Amino acid sequence: MRPARLPQPLDSEALRALGLDPARLPAHVAIIMDGNGRWATRQGLPRVEGHRAGREAIRRTVEAAVELGIRVLTLFAFSTENWRRPADEVEALCALYEQVLREEAPQLAERGVRVRIIGDRSEFPPSLQEAIRYAEEVTAAGDRLELVGALNYGGRAEIVAAARAVAAAAARGELRPEVLGEAELARFLQTHPLPDPDLVIRTAGERRLSNFLVWQSAYAELYFTDVLWPEFDRATLVAALRDYQARVRRFGGLDAG
Ligand code: IPE
Ligand code: IPE
Ligand code: MG
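Count along the sequence shown from 1, add 410, and you get the number used in the numbering used here.
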């Protein structure tokens, strides 16, 4: 039996009370979690304390996503460029993500959350790779929310890997270049078969993608907030969703009606 404290999806009335239209929620929300370092510095703490506080924001955001009925939540946690940081910060981040995956996986499974990790995990310490496998396995049956963690992820690296796989398939005579279209190429991306993000949120005031989901975000709505990631909560997410719902998505066509 599910304990009562587990977050449950809100009904339509509760969503409307938050100012949201239940029929127009984004299926996939992707977040560039930025500002952990600045948050820590402002508190007079070492940067790693910002990453620790960011863990609480991750927990709040996953619970909020379940309540709000979002189907896919992608969190950018470590970029292919983040190896340029000092070794001790990279090590602390790896240790923290390992701990998060191990400690949270059973509760996530209980909540119906399925964890998938995208990015090149092979460059991480073996213990982190093991924690990734564990979290993916333990949560494999989750059907309420797909939680995608982007770790050692770069949009360009992902496209290069897809191009290599396509070229190799063509060289083996398994794929004819003339039949390759957007949908066929997308099958080689790590996000397959998930839908493209409808909404990309970036915190901490930066207004760039930093190599995040560059193919998949071609038609995403972008939302920027000055809130630092450790302060992100359900109210910030709801504000982003309201802003999203006030927009007209044309996809190159004309407004309906
Ligand atoms: C985001 O916070 C977390 C990661 C990139 C891992 P930052 O560490 O980039 O925080 P700032 O941008 O230095 O404030
Ligand atoms: C983007 O944040 C990567 C993640 C959130 C994991 P960064 O802080 O690394 O981005 P830049 O360097 O400001 O572009
Ligand atoms: Mg940053």
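Glycine is no exception: its CB is placed at the ideal position from the N, C-alpha and C atoms.
Remember, it's a predicted structure, so these values are computed and weren't measured experimentally.
Option in the options with minimal Cα separation from residue i
{"i": "Val510", "options": "Ala467, Ser620, Ala614", "result": "Ala467"}
{"i": "Leu638", "options": "Gly564, Gly447, Gln418, Trp625", "result": "Gly447"}
{"i": "Arg599", "options": "Ala575, Thr646, Ala579, Asp643", "result": "First, the residue type needs correcting, since residue 599 is Leu and not Arg in the sequence shown. Looking at the Cα atoms, Ala575 is the closest of the given residues."}
{"i": "Glu513", "options": "Val589, Ala545, Ala487", "result": "Ala545"}
{"i": "His461", "options": "Ala571, Ala502, Glu588", "result": "Ala502"}
{"i": "Phe670", "options": "Gly429, Leu623, Ser627, Val472", "result": "Since the displayed the chain opens at 411 and closes at 667, residue 670 lies outside it and no answer follows."}
{"i": "Ile527", "options": "Gln517, Glu568, Glu491", "result": "Glu568"}
{"i": "Cys504", "options": "Arg465, Ala572, Ala579", "result": "Arg465"}
{"i": "Arg657", "options": "Pro419, Leu420, Arg469, Leu430", "result": "Leu430"}
{"i": "Arg470", "options": "Asn492, Thr601, Arg659, Pro640", "result": "Pro640"}
{"i": "Gly591", "options": "Gly583, Leu455, Ala572, Gln453", "result": "Ala572"}
{"i": "Glu473", "options": "Asp606, Pro419, Gly583, Leu585", "result": "Pro419"}
{"i": "Trp625", "options": "Arg597, Asp636, Arg582", "result": "Arg597"}
{"i": "Asp636", "options": "Glu588, Ala614, Asp665", "result": "Ala614"}
{"i": "Phe486", "options": "Thr601, Glu423, Pro496, Gln453", "result": "Thr601"}
{"i": "Val570", "options": "Arg494, Leu595, Glu423, Arg582", "result": "Leu595"}
Beta-carbon proximity check, residue i vs residue j, cutoff 8 angstroms
{"i": "Arg457", "j": "Ala450", "result": "yes"}
{"i": "Val558", "j": "Leu506", "result": "no"}
{"i": "Leu425", "j": "Pro417", "result": "no"}
{"i": "Ala440", "j": "Thr484", "result": "yes"}
{"i": "Val525", "j": "Ala515", "result": "yes"}
{"i": "Asp498", "j": "Glu616", "result": "no"}
{"i": "Ile442", "j": "Ser627", "result": "no"}
{"i": "Val482", "j": "Glu556", "result": "yes"}
{"i": "Leu538", "j": "Glu491", "result": "no"}
{"i": "Leu585", "j": "Ala593", "result": "no"}
Residues bridged to residue i (per DSSP)
{"i": "Arg633", "result": "Note on residue identity: the sequence assigns Tyr, not Arg, to residue 633. Paired residues: Ile611."}
{"i": "Leu485", "result": "Ile441, Gly559"}
Discussion item. Extract the residue ranges of the beta strand (DSSP E) inside the region 516 to 579, only unbroken runs of 3 or more that lie entirely within it.
Written reply: 523 to 528, 555 to 563
Worksheet item: Does the pairing of the region 604 to 614 with the region 629 to 639 give three or more beta-carbon distances under 8 angstroms?
Response: yes
Discussion item. Under 8 angstroms: do the region 541 to 556 and the region 514 to 525 share three or more Cβ pairs, one atom per stretch?
Written reply: yes
Worksheet item: Does the pairing of the region 649 to 657 with the region 421 to 440 give three or more beta-carbon distances under 8 angstroms?
Response: yes
Worksheet item: Looking at C-beta atoms only, is the number of pairs between the region 556 to 570 and the region 525 to 544 that lie closer than 8 angstroms three or more?
Response: yes
Worksheet item: What are the uninterrupted segments assigned as alpha helix (DSSP H) that are 4 or more residues long and contained completely in the region 457 to 517, given in chain order?
Response: 457 to 478
Worksheet item: Given 8 angstroms as the limit, is there contact between the region 639 to 646 and the region 470 to 479, that is, 3 or more CB pairs closer than that?
Response: yes
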